Amino acid sequence: MKYTTVFFDLDDTLYPASTGLWQILKERMHLYMRDRMSIPETEIRGLREKYFMQYGTTLRGLQAHHPIDTEDYLAYVHDVPVRDYLRPDPVQRSVIASLGTRNLVFTNADAPHARRVLAALELDDLIEDVVDVNAMAPYCKPMPESFAIALKAAGAAAASDCVMIDDLTRTTRAARAFGIFSVLYAGDGARLDADA
Numbered sequence: 722m723k724y725t726t727v728f729f730d731l732d733d734t735l736y737p738a739s740t741g742l743w744q745i746l747k748e749r750m751h752l753y754m755r756d757r758m759s760i761p762e763t764e765i766r767g768l769r770e771k772y773f774m775q776y777g778t779t780l781r782g783l784q785a786h787h788p789i790d791t792e793d794y795l796a797y798v799h800d801v802p803v804r805d806y807l808r809p810d811p812v813q814r815s816v817i818a819s820l821g822t823r824n825l826v827f828t829n830a831d832a833p834h835a836r837r838v839l840a841a842l843e844l845d846d847l848i849e850d851v852v853d854v855n856a857m858a859p860y861c862k863p864m865p866e867s868f869a870i871a872l873k874a875a876g877a878a879a880a881s882d883c884v885m886i887d888d889l890t891r892t893t894r895a896a897r898a899f900g901i902f903s904v905l906y907a908g909d910g911a912r913l914d915a916d917a
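The structure is reproduced here in structure tokens:
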């Protein structure tokens, strides 16, 4: 089977979890909820977990239950010097360059954050577009509607023409159910969680 399009998750997929960047982003979500939204410190962790499980992201849960300035939230959370955490990987670059596919980032983050990460990794010229949380609104991964939006953005004729690479089993399961060949990156999921 010849695939035409590869969707790459961003955080903890295009760069390893060991960089610590995703952990910093989660800490900034916590700070935003505490400092900008005045949510009691003791409630934040539970709310974030609940919203992540129920809505796909903390942001979508906050939007459903709290008054929130989405642009302010995304700018605050992603206001991190990514180059302090990320380094280009020549092997990764070579592999992506050799694919011969249309490559897109498909992320629950926003496009400005994705573009900063891609620039720091020196992959920006290999990724044609970013399907971000704003493009998917009001949906997000792993909702089926988000995959439909990604396919349309990619100009893909069919889900079976595409590959999704992600570090979360719930995303690879959803991609697989949608008809996209799914690859679980750096995970220990069961065979039913992904195609590879």
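Residues 722 to 917 in our numbering are what the sequence shown lists, from first letter to last. For each residue, glycine too, the CB sits at the ideal point set by N, CA and C. Note that the coordinates shown come from a computational prediction; the quantities given were computed from them, not determined experimentally.
Backbone CA spacing between residue i and residue j [nearest angstrom]
i           : j           : result
residue 845 : residue 883 : 20 Å
residue 841 : residue 770 : 29 Å
residue 891 : residue 777 : 10 Å
residue 761 : residue 834 : 27 Å
residue 806 : residue 797 : 17 Å
residue 799 : residue 744 : 12 Å
residue 819 : residue 751 : 39 Å
residue 895 : residue 828 : 14 Å
residue 859 : residue 781 : 8 Å
residue 772 : residue 786 : 10 Å
residue 727 : residue 790 : 32 Å
residue 748 : residue 801 : 11 Å
residue 899 : residue 863 : 10 Å
Integer-rounded CB distance, given that residue j should sit under 8 Å from residue i
i           : j           : result
residue 814 : residue 847 : 7 Å
residue 888 : residue 854 : No, residue 888 and residue 854 are not in contact; Cβ-Cβ is about 17 Å, not under 8 Å.
Those residues which DSSP pairs with residue i across a bridge
i           : result
residue 883 : 726
residue 904 : 886
Top-ranked residue by Cα proximity to residue i, from the options
i           : options               : result
residue 730 : 836, 878 and 877      : 836
residue 811 : 907, 888, 735 and 860 : 735
residue 788 : 753, 871 and 886      : 753
residue 852 : 756, 792 and 875      : 875
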